[in-house]
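In what follows, a single structure is set out as structure tokens and then discussed.
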Amino acid sequence: MRNKKCKICRQEFIPKYSTMQATCENIECMITYSSKQKDKKIKRELKEVKERNKSVSQWRKELQQVFNQFIRVRDQGKGCISCGRPLQGKYDAGHFYSVGSYPNLRFHEWNVFGQCVSCNQHKHGNLLEYAIGIEKRIGKAKLEELKSLRNDRLSMPLDKIKELIYEYKDKIKELKK
Ligand SMILES: [Zn+2]
Ligand SMILES: [Zn+2]
589 MRNKKCKICR QEFIPKYSTM QATCENIECM ITYSSKQKDK KIKRELKEVK ERNKSVSQWR
649 KELQQVFNQF IRVRDQGKGC ISCGRPLQGK YDAGHFYSVG SYPNLRFHEW NVFGQCVSCN
709 QHKHGNLLEY AIGIEKRIGK AKLEELKSLR NDRLSMPLDK IKELIYEYKD KIKELKK
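When you read off a place in the sequence shown, starting at 1, and then add 588, the result is the number in the working numbering.
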């Protein structure tokens, strides 16, 4: 069997029992490793219990956080969708089709872009300029598609919420690569 590096003391060792052996034969290393594994297992179980007991509104909250983070990462270094000014420090995630009127587009990535506080909060979304900015950003075809989706029925069962959380977490990872 090939040499491996002990997960605890980092020294090389020759596995004796199996290729899965994680530590050298130093008893300290073995004990430390097994207690770390136990901690991990306990943490994992706790997480599972928490997830099982999460309410729909808690899942929704998590989706909101993940989605906002995605928008921030995706739009980092780009200008405000409306006025084009560089986004720096605190800025908002502004909706083209408003959450109030079109709740089904709340978590649609073509409908939400980094927007400066001035445009988002003081100019009610600065929608005229938003319309120009969004077409530049996603193109006419996607904008038309978004428009056609805007009156779809809102359907956000728990499965869909979870799916979106995983989807946007993946996308954030991809963008950060
Ligand atoms: Zn060791
Ligand atoms: Zn702006």
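Note that the Cβ used here is the ideal one computed from N, Cα and C, for glycine as well.
Considering only S623, V687, F655, A681, the residue with the shortest C-alpha distance to D758 is F655. Boundaries of the beta strand (DSSP E) harbouring V700: 700 to 703, taken from the DSSP string. K750 is the residue among K764, Y756, K750, L763 whose C-alpha sits nearest the C-alpha of V644. Within its own chain, the residues whose Cβ lies closer than 8 Å to the Cβ of K678, once the five positions on either side in sequence are excluded, are V705, listed in chain order. Excluding five sequence positions before and after P674, the CB atoms of its chain that fall closer than 7 Å to its own CB belong to G667, given in chain order.
Chain-ordered, the residues whose CB falls short of 5 Å from any heavy atom of ligand 2 come out as C668, S670, C671, C704, C707.
Judged by DSSP in its simplified three-state form, A681 adopts strand.
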